Every structure is written in C-alpha cells, then in structure tokens.
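All the letters of the sequence shown, read from the start, carry residue numbers 1 to 366 under the numbering used here. Ideal placement from N, C-alpha and C gives every residue a C-beta, glycine not left out. Since the model is a prediction, treat every value here as computed from it, not as a measurement. Here's the structure we're looking at; comments come further down.
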Amino acid sequence: MHGQNVELSGVSMTYPNGFTAVHPTDLTINAGEFFSILGPSGCGKTTILRMISGFLEPSTGSISIGAQSVNGLGPNKRPTALIFQTLALFPLMSVWENVAFGLEARGVSKQERRRKAEELLELVALTGQAEKKPTELSGGQRQRVAVARALAVEPAVLLLDEPLSALDLKLRQHMRAELKDIQRKTGVTFIYITHDQGEALAMSDRVAVMNEGRIEQIATAAELYNMPQTPFAATFVGEQNVFGGRVKHTNGTTVEVETGQGLLRGRNFNDLTVGEEALVLVRPERIEIADADGVAGNEDSNRISGQLLRRDLEGALINLYLRSGEQEIHVNLHNKGNRDFSADESMTLAFSTADTAVMRPGPMAR
Ligand code: ATP
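The following block contains the structure:
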C-alpha cells in the first residue's frame, strides 16, 4: 500500500437550500500524512470528507488525488475508502468475511481473499479472531475490523469520520495509538475528522482547524498549541484566559494593551496598531503565582493581582480560579505538594510577554 496526496483548489459547497457549508478552500494533504480536520459540530468537516470521497460534488473548485483529477468520479472510482462512526459491519458475516468483503466484487478468489484478510487482521492486531462474528468482539476490536476492511481494497487515502466517538474514553485513547501505528505501517494517507482536540493533537502530523465553513489554521500539534494564529484556533484548542482592551503602544513585535487589569504586554500577532481593539491571550499553565516573598515572574513579566475564588485539586495538577476586577482567571499549576491555598487569598499572578499573544478580535470557541 502507498499513500497519495490530496489537493483541494477553490473547493466550496453550497447546499440546494442555499446554505454554504464550506467556503472556497485550498488545501494540500501530503502523501502518507496523518491529517486531521478539527472543528465544532456543524463547521463543515463531514462536507469536506464527502467531497473528497465522491459522495458529494463540490459547488466550485477541483479535487485531485495523486496526479489524477477526481471531479465527476463516483466514490468507487476513487482511490479512497471511508470509515464511519457506525462502522457498518455485517453482523452475519465472520470477521474475515467482513474484511474481505470489498475483494469479492473485484473478482479475487476465495483463497486469496482469506489470505489477504489474515494479513490485514495481523496488521490490526486481531490475529486468531477471523472466524468470530462482529458481535463476539469488543468495541475496540470491531473498530479494528472496520479499519482492516477499509484497507483491504488498498486505498491510497483513508477517510475517517469520527470513528472513535462511540467508544469509551479509555478505549478511545488506546485506539488513538493503534490507528497512528497502522497509518505509519501502511503509509496510507489518513484524513481524520473530529471535534475532539485531544484526538487530533495526539495522532496527527498536521491539523486543520475549521470554523463556520473555513479553515482557520493548518499546523502541527505543537505549533497549533503554542502559536495559534486566530482567536478561534487559540480558544478551541486548549484553554485560554482572554482579556479585551485597546492597543496603547507597539514596537511592531510586542504590543501593550490597556485592559481592565491594567497594561498587558504580549507578542503582536496581527500587526496591530495604536488605538485598535485587541485581545490578550494567555494559557492557564503559563501563569505563575508570586512566592511567599511576593516575587513573581521576571522583570518584564505581566503582573495582575487576583483573589482566589476556588481551587480544584486534580491529582498531579491544581486548578485555581481567581477574580481580578471583572474578570475570572484560570491558573493551572503542577501539584508540588509544597503550597496550600486558602479561600479569598489575594495573590499576584505573573506571565511572560513571550507567553502572551495579542490578536485582533474575532470569533472564539464556545
Ligand atoms: P458534525 O461534527 O456535527 O457532523 P460537521 O462539521 O461534520 O458537523 P457538516 O455535516 O459538514 O458539519 O455540516 C456543515 C453544515 O452544513 C451544517 O450547518 C449542516 O447543518 C449543513 N448541512 C449539511 N448537510 C446539508 C444538506 N444536505 N442541506 C443543507 N445543509 C446541510
């Protein structure tokens, strides 16, 4: 098996009722890449997947897979296979017959189908389960049968539509590693759609963050978390404290914003200029608390004072929720066991300019 690249150029989808679910989109997915499309319910993820698979013709634009333009080609003429959340396994067929299902129509002999099924079952760690019925398997095992069946037709691109969402959390986390492993072993291009940021960050070579029919950012997991480029990407992936204000001063790379919490300084993401409205964003785990001597951060850190509203101990982590003026602030600390926090305690918080992003206002998650 080998993966192929997928190229969308100006692809959009307006449904017959006039609703545009996907605005014109350019997207290149590399051959052999594990690529996720991440976004909230209704943002257009499934619509993109259906256009790539051929179940839906785009309203505008062109799609190619490998060197081939696939516009106008039906799903079974494309080098793609699709796995749904529901899996759609055949309950009366054995596991190996399920896996080999797509091969019969291609005129592959029974002996060869069986051999191929055994090989794929080994790949998805189901050796010895060939004669069972899908109902005799666990949820995770059924998932792996669906993956093996999709791979049986040797697709260059495997499209996965939230395939893990029916599984419980523990199994889901386990299957993430399995899927990633299968993808690496086969070299097939995986396009995975999900609203679960944990899944996207854990498995993907790159992630596209999508909102309201548009891709807002395409990046590796680390880039997306550390350098989100839009307020939506910044707030959909991980958590953020967000302060609103107006730009007071900028030297181009850093910018100072007058907020309800005083002057806050951060990196200038959008070439903001003096007088513009701005959002100041900092993640909960990038905030420090002043020590017993009242020392916090370093010289050019942002400083704000707050009063503790609530603290939640989460084992290794402690979540603190503070009030600072009109704003609630979330701080996430490692539990080092050396500090307790009392209700109503006043604290000084510090966070560095480098950990603070300043962006032009825009839609945010939730
Ligand atoms: P989910 O995670 O809930 O499946 P999604 O991101 O996959 O969401 P899509 O299924 O692509 O979203 O739908 C995008 C938007 O297009 C939604 O607002 C949906 O209501 C709308 N939509 C989907 N199918 C049609 C249709 N046949 N006619 C009109 N609107 C549609």
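Check: Pairs of beta-carbons, one from the stretch 86-104 and one from the stretch 21-40, closer than 8 Å: are there three or more?; Outcome: no
Check: I need the residues with a C-beta less than 6 Å from some heavy atom of the ligand ATP; please give them in chain order.; Outcome: Tyr15, Asn17, Phe19, Ala21, Gly39, Ser41, Gly42, Cys43, Gly44, Lys45, Thr46, Thr47, His195
Check: Can you grab the Cα-Cα spacing for the pair Ala148 / Asn98, in whole Å?; Outcome: 9 Å
Check: Ala26 lies in the alpha helix (DSSP H); which residues open and close that run?; Outcome: It should be noted that the sequence gives Asp, not Ala, for residue 26. Where Asp26 is concerned, there is no enclosing alpha helix (DSSP H), although the beta strand (DSSP E) it sits in stretches over 20-29.
Check: Tell me whether the beta-carbon of Ala233 lies closer than 8 Å to the beta-carbon of Glu216.; Outcome: yes
Check: How about Gln261 and Phe243: do their beta carbons lie closer than 8 Å?; Outcome: yes
Check: Between which two residues does the beta strand (DSSP E) containing His330 stretch?; Outcome: 327-334
Check: May I ask you to list the residues that DSSP assigns as paired with Asn241?; Outcome: Val282
Check: Report the residue ranges of all alpha helix (DSSP H) runs contained in full by the stretch 49-121; include only those spanning at least 4 residues, in chain order.; Outcome: 95-104
Check: Hey, would you say Val255 sits closer than 8 Å to Gly275, going by beta carbons?; Outcome: no
Check: Since Ser53 and Leu159 should fall inside the 8 Å C-beta cutoff, what is the C-beta to C-beta distance between them, to a whole number of angstroms?; Outcome: 5 Å
Check: Expressed to the nearest angstrom, what Euclidean distance is found between the alpha-carbon atoms of Gly139 and Leu167?; Outcome: 7 Å
Check: Can you tell me where the alpha helix (DSSP H) holding Asn226 begins and where it ends?; Outcome: 221-226
Check: On the criterion of 16 or more Cβ atoms from any shown chain inside 10 Å, does Leu272 qualify as buried, or is it exposed?; Outcome: buried
Check: Under the three-state reduction of DSSP, which class applies to Thr348: helix, strand or coil?; Outcome: strand
Check: Check whether the Cβ atoms of Val145 and Val108 lie closer than 8 Å to each other.; Outcome: no
Check: In terms of alpha-carbon separation, which member of Thr348, Asp300, Ile329, Glu119 lies closest to Asp293?; Outcome: Thr348
Check: Could you tell me the boundaries of the beta strand (DSSP E) in which Gly307 lies?; Outcome: Going by the sequence as given, residue 307 is Gln instead of Gly. 302-314 is the extent of the beta strand (DSSP E) around Gln307.
Check: Using only alpha-carbon positions, find the residue among Ile48, Ala365, Asp355 that is nearest to Tyr417.; Outcome: Residue 417 falls outside the range modelled here, since the chain spans only 1 to 366, and no answer is possible.
Check: Measure the beta-carbon distance from Leu164 to Thr186 and round it to whole angstroms, keeping in mind my assumption that it falls under 8 Å.; Outcome: Contact doesn't hold; Cβ gap of about 18 Å is too wide.
Check: So the candidates are Glu162, Tyr321, Ala200; which of them puts its Cα closest to the Cα of Ile83?; Outcome: Glu162
Check: Would you please state the rounded distance, in angstroms, between the beta carbons of Thr14 and Ser59? I believe it to be under 8 Å.; Outcome: 5 Å
Check: Please determine if the stretch 315-331 and the stretch 275-290 are in contact, where contact requires at least 3 C-beta pairs separated by less than 8 Å.; Outcome: yes
Check: In whole angstroms, give me the CA-to-CA distance for Ser41 and Gly252.; Outcome: 37 Å
Check: Can you tell me where the alpha helix (DSSP H) with Thr254 in it begins and where it stops?; Outcome: Not the alpha helix (DSSP H): Thr254 falls in the beta strand (DSSP E), residues 254-259.
Check: Considering only C-alpha positions, which residue in the set Lys336, Ile304, Ser324 is nearest to Glu314?; Outcome: Lys336
Check: Pull up the CB-CB distance for Arg267 and Thr353, whole angstroms please, since I reckon it's below 8 Å.; Outcome: 7 Å
Check: On the DSSP bridge list, what partners appear for Asp161?; Outcome: Ile193
Check: Which two residues bound the contiguous alpha helix (DSSP H) that contains Val147?; Outcome: 139-152
Check: Expressed to the nearest angstrom, what Euclidean distance is found between the alpha-carbon atoms of Ile304 and Arg172?; Outcome: 39 Å
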